[in-house]
Amino acid sequence: MISTDATIRYSAATNEVDIAGSAAALEELGNALLQDGAEVVTSVGSDPSPYTSYLSGIQVELREDRMVLMAVDEGQKMLTFRGSEESMTVLADNIRDLGREGDPGDHQHIEHHEDHYYLAESPVSLVVSRKDR
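Listed below in structure tokens is the structure:
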């Protein structure tokens, strides 16, 4: 199990997820996405506004020949990522690059669109933010 100071906020009504973390936390998250069976425990703040709740972590499952599918398990309060190593590497690189090259306050939207090359269609709309503390 991997622990990080990143937070994951979630709004069930809109299926929006916000992962926020320091450069080091984003590096850890990106690395975890390449480990089959990885579980990442994230921090929980006191107020998730404008979202409705915090998720407690991330679960990773590597599968052959699949684009990355993002989903929220509301019962376990977990964000799940399932996909091939190749597709997960693209996602991991995007997250790590935000930590390495982005400035505090920078963010990126990671969402499926028609003909997306590494994300499967999913109701989850993901924002990853660099928040240095």
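Residue numbers for the sequence shown follow my numbering, so the first one is 344 and each next one is one higher.
Built from N, CA and C at the ideal position, the CB exists for glycine as well.
Would the beta-carbon of residue i fall within 7 Å of that of residue j?
i    : j    : result
M431 : Q402 : no
L331 : Y353 : Since the first residue of the chain shown is 344 and the last is 476, residue 331 is not available in this structure.
L441 : R473 : yes
M413 : S465 : yes
Please check the pair residue i and residue j, which I expect to be a contact at CB under 8 Å, by giving their CB distance rounded to whole angstroms.
i    : j    : result
R439 : L369 : 6 Å
M344 : E382 : 5 Å
Work out the CA separation of residue j and residue i for me, nearest whole Å.
i    : j    : result
A363 : E428 : 23 Å
P393 : T350 : 14 Å
V387 : S396 : 9 Å
E454 : T385 : 21 Å
E371 : G400 : 13 Å
G373 : R443 : 11 Å
Q378 : D446 : 27 Å
Given 8 Å as the limit, is there contact between the stretch 352 to 367 and the stretch 460 to 473, that is, 3 or more CB pairs closer than that?
-> yes
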